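See structure below.
Residue numbers (my numbering): 36 to 293.
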């Protein structure tokens, strides 16, 4: 199987001790390409330096809603400068991680919304996909996407919504990112939704170092876990792991123009 990890944070310090070995292990298991996402201004350079060291790594840059209190007013202008400088580079693949997080109660929703909309507009301007974080905010995200309609669409990261919400995203052209959380025994709704999802709408991801799958409880997640995630999700979807891997890889390649 050949796999693409469409969402990882390989630049995080969690991987500093063994990053080269982990990349080698992941490739040996069939994980060929990986998307590394920026989450605040101070890690964009680290993300870019990392992907420049490896031709199979790709960067997405954005301002994550969970880091809202760290973002400054001028960060949007700085993000635009980064995108202007890098647009057209083969290893810049998306704007992200962006979105809305209503799970963390202390995050100001109006500020989140303004930041989300501004970054969606950048995705439209630079004709890039958007990689979107959604926690307890599906209605607001769907309404925003219907209003702004990014042409390249993107991925709904760690999708955990209802089938009706999945259908709305798919209508808008978005792929649904599936990862370790969907393998957890308590993810009962996702276990009902997964078999109903059209294969042309799903991509695989890890969100490493977070959201380790049920098979590796309490461990650091990594791209090397993606084959096990694929096998577990395929079992829930009642298809072969090879079929899920093939569909996910084709969908990611189509989305990113690889």
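Glycine is no exception: its CB is placed at the ideal position from the N, C-alpha and C atoms. If you're wondering where the values come from, they're calculated on a predicted model, not measured in any experiment.
{"Query": "If you reduce the DSSP assignment to three classes, tell me which class residue 218 lands in.", "Result": "helix"}
{"Query": "Need the endpoints of the alpha helix (DSSP H) that residue 128 sits in, please.", "Result": "Where residue 128 is concerned, there is no enclosing alpha helix (DSSP H), although the beta strand (DSSP E) it sits in stretches over 127–136."}
{"Query": "As a quick exercise: from 105, 96 and 276, pick the residue whose alpha carbon is nearest that of residue 142.", "Result": "105"}
{"Query": "Taking 9 Å as the CB-CB cut-off, is residue 273 touching chain B?", "Result": "Within the model displayed, chain B is absent; a lone protein chain is all it includes."}
{"Query": "Relative to the C-alpha of residue 294, which candidate in 256, 111 and 137 has its C-alpha closest?", "Result": "The chain is shown only over 36 to 293; residue 294 falls outside these bounds and no answer can be derived."}
{"Query": "Look at the alpha carbon of residue 209 and the alpha carbon of residue 135, and state the distance between them as a whole number of angstroms.", "Result": "16 Å"}
{"Query": "I believe residue 45 touches residue 85 by the beta-carbon criterion, under 8 Å. Please report the beta-carbon distance rounded to the nearest angstrom.", "Result": "6 Å"}
{"Query": "Going by DSSP in three states, residue 196 sits in which element: helix, strand or coil?", "Result": "coil"}
{"Query": "Mapping DSSP to helix, strand and coil, what is residue 118?", "Result": "helix"}
{"Query": "Under the rule that 16 or more other beta-carbon atoms within 10 Å means buried, what is residue 233, buried or exposed?", "Result": "exposed"}
{"Query": "By how many angstroms is the C-alpha of residue 146 removed from the C-alpha of residue 55?", "Result": "38 Å"}
{"Query": "Could you tell me if residue 78 is buried or exposed, where buried requires 16 or more neighbouring beta carbons within 10 angstroms of its beta carbon?", "Result": "buried"}
{"Query": "In the DSSP assignment, the beta strand (DSSP E) including residue 51 goes from what residue to what residue?", "Result": "Element bounds for residue 51: n/a, residue is neither H nor E."}
{"Query": "Give me the Cα-Cα distance between residue 294 and residue 226, rounded to the nearest whole angstrom.", "Result": "Any answer about residue 294 is impossible in this case: the structure gives the chain only from 36 up to 293."}
{"Query": "In the structure shown, what three-state DSSP assignment does residue 94 receive?", "Result": "strand"}
{"Query": "In whole angstroms, what separates the C-alpha of residue 270 from that of residue 264?", "Result": "10 Å"}
{"Query": "Can you name, in chain order, every residue of its own chain whose Cβ lies under 6 Å from the Cβ of residue 60, other than the five neighbours on each side?", "Result": "259"}
{"Query": "Please classify residue 162: is it buried, with 16 or more other beta-carbons within 10 angstroms of its beta-carbon, or exposed?", "Result": "exposed"}
{"Query": "Over the uninterrupted alpha helix (DSSP H) stretch that includes residue 270, give me the two end residues.", "Result": "261–272"}
{"Query": "Do residue 205 and residue 165 count as a contact pair if the criterion is CB distance below 9 Å?", "Result": "no"}
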